[in-house]
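Just so we're aligned: 91 in my numbering is position 91 of the sequence shown, and the numbers increase by one with no gaps anywhere. All C-beta atoms, glycine included, are put in the ideal place defined by N, C-alpha and C. Since the structure comes first, as structure tokens, the remarks are kept for the end.
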Amino acid sequence: MIIVSEKARDRILELKQEEKRKEEENIRVSVKGGGCSGLMYDLGFDASTSDSDHIFEDKGVKIIVDRKSLLYLAGTILEFSDGLNGKGFQFVNPNASRTCGCGESFSI
Numbered sequence: 001m002i003i004v005s006e007k008a009r010d011r012i013l014e015l016k017q018e019e020k021r022k023e024e025e026n027i028r029v030s031v032k033g034g035g036c037s038g039l040m041y042d043l044g045f046d047a048s049t050s051d052s053d054h055i056f057e058d059k060g061v062k063i064i065v066d067r068k069s070l071l072y073l074a075g076t077i078l079e080f081s082d083g084l085n086g087k088g089f090q091f092v093n094p095n096a097s098r099t100c101g102c103g104e105s106f107s108i
């Protein structure tokens, strides 16, 4: 399961409205190879699902995760930072043994 912070939920709902996304479009979180630490997070809106997808809901936000990515993301918290550093969405992943400085890639 992926947990969504209050700030991340608010920003997701704002983006959905600003971008005029349809109700059936939900957040898809996945892990792909790449980045300076070996694995990268991918986050975006998606209306389609497959049989191997898992769908979670936290604080009114539905999150789609494919089976392979779920192994890397279990227990992750999706945060949003809009402070002076303006980092945007961040993943607090208890499975990551190392993360890069930008927070967009990690290794297990």
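Is residue j closer than 9 Å to residue i when the C-beta atoms are compared?
{"i": "Ile2", "j": "Val65", "result": "yes"}
{"i": "Phe45", "j": "Ile63", "result": "no"}
{"i": "Leu43", "j": "Val29", "result": "yes"}
{"i": "Ser52", "j": "Arg67", "result": "yes"}
{"i": "Lys16", "j": "Glu25", "result": "yes"}
Thinking residue i and residue j are a contact (beta carbons under 8 Å), I'd like their distance in whole angstroms, please.
{"i": "Leu70", "j": "Asn93", "result": "The Cβ separation is near 12 Å, so there is no contact."}
{"i": "Phe56", "j": "Thr76", "result": "In fact, because the Cβ distance is near 11 Å, the residues do not count as touching under 8 Å."}
Considering only residues of the same chain and omitting the five flanking positions on each side of residue i, which have a CB-CB separation below 6 Å?
{"i": "Glu14", "result": "none"}
{"i": "Lys59", "result": "Val4, Arg9"}
{"i": "His54", "result": "Val65, Leu70"}
Looking only at its chain, what residues have a beta carbon closer than 8 Å to the beta carbon of residue i, apart from the 5 residues adjacent to it on each side?
{"i": "Lys22", "result": "Ala47"}
In the DSSP assignment, what residue or residues form a beta bridge with residue i?
{"i": "Leu78", "result": "Val4, Phe91"}
Three or more C-beta pairs below 8 Å linking the segment 5-14 and the segment 66-85: Two segments are said to touch when three or more pairs of C-beta atoms, one from each, lie closer than 8 Å; by this definition the segment 5-14 touches the segment 66-85.
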